[in-house]
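Written out below as structure tokens is the structure these notes cover.
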Amino acid sequence: MTNTSGAEKISTKKSNNVYKSGADEIVVHGARVHNLKNVTVAFPRNKLIVVTGVSGSGKSSLTIDTLFAEGQRRYAESLSAYARQFMSRMIKPDVDYIKGLCPAIAIEQKVITRTPRSTVGSMTEIYDYLRLLFARAGHTISPVSGREVKKDDVADVMQHISQLAHGSKVVILVAFKQHANREAREELNILVQKGFSRLYLDQEPVRIEDLLELTDKALKDKIATKKSKEPAYVLVDRIITKAFDEEDIHRISDSIGTAFYEGEGEMYIEVDGKKHIHFSNKFELDGLSFEEPVPNLFSFNNPYGACPTCEGFSQVLGIDADLVIPDKRLSVFDGAIAPWKGEKMGEWREYFMRNAAAYKFPIHKPIADLTTEQYNLLWEGAGKLDGINAFFKEVEQNLYKVQYRVMLSRYRGRTNCPDCKGYRLRKEALYVKVHQKHIGELCEMPVKDQKQWFNNIKLSDHDATVAKRILIEINQRLQTLLDVGLGYLTLNRLANTLSGGESQRIQLTRSLGSNLTNSLYILDEPSIGLHSRDTERLITVLKQLRDEGNTVVVVEHDEMMMRNADHIIDMGPLASYLGGEVTATGNYNAIISNPNSLTGKYLTGELTVSVPKVQRPFNRYIRIEGARHHNLKDITVDFPLNMLCVVSGVSGSGKTTLVKKILYPVMRQLTGEFGDKAGFHKAIAGDTSYITQVEMIDQNPIGKSSRSNPVTYIKAYDEIRELYASQPLSKIRGFLPKHFSFNVDAGRCDACKGEGEQVVEMQFLADVHLTCEVCGGKKFKEEVLEVQYKGKSIFDVLEMSVDESIAFFAAEKNLAKALQPLQDVGLGYIKLGQSSDTLSGGEAQRVKLASFLGKNKASGHILFIFDEPTTGLHFNDINKLLASFHALIEQGHSIIVIEHNTDVIKNADWVIDLGPEAGDGGGSLVFAGTPAELKKQKNSHTARFL
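Using UniProt numbering, read the sequence shown as starting at 1 and increasing by one per residue.
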């Protein structure tokens, strides 16, 4: 019955012109994935469609888990049964049918790779095209003479001869080689058999037959010890230059070919008895042998191209400069070099300081202020001045003594590879250049500079023809990276250092590079990590994708994106079991005029994210001095405590570097916890002792397994199990708290091991998920389920929403209090036993926040760092998130938020705005102060959107 009534409901909507049914749309009928309530909805083809709604309303369930999953599954089903058994099996979504579906490509908001080998260049495939460009149009330059390494062929020698002045006497020669175990006479006899008749000795031709008549001693003297010390040559041919006819050209070419063969790739020509000109068809120059460029020579993921020292990782275990010089504010005189201490090792410092003046090294200047030349001199040394490297060389020579082994271990760490200088490739690959740059230098350039370089590239006619197609592909991908606001990235940037938004936009670049049409693109919040300025560019890219004949579906909360959409689908009305329905569809105007749409009310201003009336005072602070990591330009920043501090700025302006790479690791070390190496900065000052703990709350899932759930994460499940174990029936049967866990054998169903379902593998078909026959999907043994509290079994409790459970456990004060934080952060709709892998990124982040809200208030002063907490949050949820922030600050904690969302920036007590641009154009402190003062700033992009 439900199905028909659902269909009828939709048909009445159709007649109200919400959408027309026809061939120009994709219709999803009866979707029931996760919390979707038998949804039927149409996606108009070749349009930019935004799917919006509160967090947990079913947006991703409809787009990724239904539309994309079915599109991908149908494509896989079109392959042969043989091919399908090697693919990861795809679950068939719970939907009646989908009409008009086209091939689907999903770009999700995950950092897709964690491997240290993957870079921006390899993810966008630009690096693959660069390898091809260098292999086909690159020129190998000798590091000795700076000349190009070339293989000479017959045509090169012929061209050289034909350009000589007419009447020149040319002799084609090959070096006379005496092989091991052969006498000179035997060698000459072989030459005669091959058809040669003359040697060329001291610039005179000598008949071989005459030489053979000499005695052995005379022959040896004649060939080996000559007056001019000129080597002996075999004369191949003699020519007088003129206007050669075709017969001449054939003859000379034949002689040159013979010379190359006889000389094992090397030959000479002598012109008018003067200097010899050497030709070689080997890839050699200046006494060095070079590798011929092939694509694999430029691959750091291939043993042929990777640097043999670091194996293509760019880093090795060596002497860590940060451990040797831990405090860069000190000078050499003040003892900046940590190992140069004590009676014996201190002699190195004394010796260095005595000789430093001769090399103009400033011993009183802080290490942080040294020039690059001075810093290199400190390490490399020069002449009498022994540097740090010489010191460690001596340490390595004394490793048989235990104290030296201990000392060396103290200063070892990950450092740039000394052989490839961090370029990851073997040195032969770096000799190959295009337009004066090798591939390593090119990958170090920011994308925007690289685009400029390719625009100005000058190639010979031959190279331009070869590279034409490659350059089109490279330029197209570089332009897309610029269009989506990633011009500040370099191609050698590691993929695992990218934010979720950057990672997603890089995938978008790769998909756009393939130029597909008539496809369905589904993007999950592509504006994450994007400043409002960059969102404008992203919208242009998405429209371009649509104009090429594709249907673009975007799951998004961004107001700018909605204003530019052709069609909006608003999910709701609320989240989880209170959502899963389509509340409104149509264009922007239709949404804002629909009374059922919560999104519409925020867009019209009927509902707003409220701004606090009173600003908190700026009392305590932590100061980072002289931050210079990555693109930060020696800035000093004060982070206020007991306040909501927002760090804003365009994407790539240095926010993550400042907060996650400098402030976070430094504060972790100060609070006695293990932290990564902090980025380059001079010092940390202020009220650092006030903070007792530092917590980074990011978008990473709270648990990867289907067994992990919110109630176990916030530790409230322990209380529930204790409660059930204390019931009279439990005591009679001897049940302990462990019997009420589906992770332990004691109480869980033996058949499904507490999963509630059994998976039947179908080889090349989708796996079939069946409800467990033994427990009926309830996960526990029958006798455990008989234990009840207020008429509910442990399974019934896990099926409750947070809101329901708080009311249910009202009498159990501790338990209700443990669950309360989940409600406070706006997660009252999720089930207690909901699997963690079904939570969105924003929900996972709020579960982490709830776990801190629930901890004892007397746990000191915690500094919370949030990385874009509004990801996946609707306007309505941002209100709840801000309320949680204020609750934490009231408890005496401090919050620093990296954020682009203008509602959060307006609510901040203090804003730190970095920029003004991205990459090299960023890294400066544009503004620090209250949001009201920020609005008056002229040079801040953030101020423009506030």
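Ideal Cβ positions, reconstructed from N, Cα and C, are used throughout, including at glycine.
{"Item": "Ser21 classed as buried or exposed, judged by whether at least 16 other C-beta atoms fall within 10 angstroms", "Value": "At Ser21 the pLDDT is 49, less than 50, meaning the model places this residue with poor confidence; the figure from the coordinates comes in the next sentence. Ser21 should be labelled exposed."}
{"Item": "For Ser61 and Leu101, the rounded distance between their alpha carbons", "Value": "17 Å"}
{"Item": "Spatial neighbours of Ser255 in its chain, beta-carbon cut-off 6 Å, leaving aside the 5 residues before and after", "Value": "Ile172, Val236 and Asp237"}
{"Item": "Among Asp687, Glu695 and Gly652, nearest to Arg493 - alpha-carbon criterion", "Value": "Gly652"}
{"Item": "Touching by the beta-carbon criterion (3+ pairs, under 8 Å), the stretch 413 to 424 and the stretch 307 to 319", "Value": "yes"}
{"Item": "Three-pair Cβ contact test at 8 Å for the stretch 823 to 838 versus the stretch 883 to 890", "Value": "yes"}
{"Item": "Three-state secondary structure assigned by DSSP to Cys752", "Value": "coil"}
{"Item": "Of the residues His34, Asn46, Val39 and Arg32, the one placed nearest Glu25, counting alpha carbons only", "Value": "Asn46"}
{"Item": "Residues of its chain near Tyr75, where Cβ-Cβ distance is below 7 Å and the 5 sequence neighbours each way are ignored", "Value": "Pro103"}
{"Item": "Touch test, the stretch 628 to 642 against the stretch 916 to 925, Cβ-Cβ under 8 Å, three pairs minimum", "Value": "yes"}
{"Item": "Alpha carbon of Arg508 to alpha carbon of Leu48, nearest angstrom", "Value": "According to the sequence as given, residue 508 is Leu; it is not Arg. The alpha-carbon atoms of Leu508 and Leu48 are separated by roughly 15 Å."}
{"Item": "Expected contact under 8 Å - CB spacing of Ile528 and Thr871 to nearest Å", "Value": "5 Å"}
{"Item": "Option in Asp286, Glu350 and Phe176 with minimal Cα separation from Tyr268", "Value": "Phe176"}
{"Item": "Residues sharing a beta bridge with Gly686, DSSP", "Value": "Ile622"}
{"Item": "Extent of the continuous alpha helix (DSSP H) to which Glu719 belongs", "Value": "Ala716 to Ala725"}
{"Item": "Coarse secondary structure for Gln315, derived from DSSP in three states", "Value": "strand"}
{"Item": "Opening and closing residue of the beta strand (DSSP E) in which Lys99 lies", "Value": "Val95 to Lys99"}
{"Item": "Buried or exposed by the 16-neighbour rule on C-beta atoms within 10 Å, applied to Arg354", "Value": "exposed"}
{"Item": "C-beta contact flag for Ser57 and Leu873 at 8 Å", "Value": "no"}
{"Item": "Thr225 burial status per 10 Å Cβ neighbour count (16 or more: buried)", "Value": "No answer about Thr225 holds up, because its pLDDT of 47 lies below 50 and its placement is not dependable."}
{"Item": "Residue environment, Tyr200, which counts as buried when at least 16 other CB atoms sit within 10 Å", "Value": "buried"}
{"Item": "Where Gly257 sits in the DSSP three-state scheme", "Value": "helix"}
{"Item": "Through-space distance from Thr497 to Cys752, alpha-carbon basis", "Value": "39 Å"}
{"Item": "Segment contact, 8 Å Cβ cut-off, at least three pairs: the stretch 121 to 136 with the stretch 439 to 448", "Value": "yes"}
{"Item": "Ile472 and Ile388 closer than 8 Å at C-beta", "Value": "no"}
{"Item": "Residue nearest to Gly777 in terms of C-alpha spacing, selected from Arg668, Asp796, Gly791 and Val787", "Value": "Asp796"}
{"Item": "Buried versus exposed, by CB contacts within 10 Å (16 or more), Pro446", "Value": "buried"}
{"Item": "Enclosing beta strand (DSSP E) for Ala104 [first to last residue]", "Value": "Ala104 to Ile107"}
{"Item": "Beta-ladder partner(s) of Asn416, from DSSP", "Value": "Gln315"}
{"Item": "Nearest-angstrom beta carbon gap, Val541 and Thr63 [assumed within contact, 8 Å]", "Value": "With 8 Å as the limit, Thr63 and Val541 do not qualify as a contact, their Cβ atoms being about 19 Å apart."}
{"Item": "Sub-8 Å separation of Leu491 and Lys448 beta-carbons", "Value": "no"}
{"Item": "The stretch 656 to 669 in contact with the stretch 895 to 914 per 3-pair CB rule at 8 Å", "Value": "yes"}
{"Item": "Whole-angstrom distance between Thr688 and Ile905, CA atom to CA atom", "Value": "25 Å"}
{"Item": "Three-way DSSP call (helix, strand, coil) for Lys365 in this model", "Value": "coil"}
{"Item": "Straight-line gap, Val555 to Asp524 (C-alpha atoms, nearest Å)", "Value": "5 Å"}
{"Item": "Under the three-state DSSP convention, the category Pro143 falls into", "Value": "coil"}
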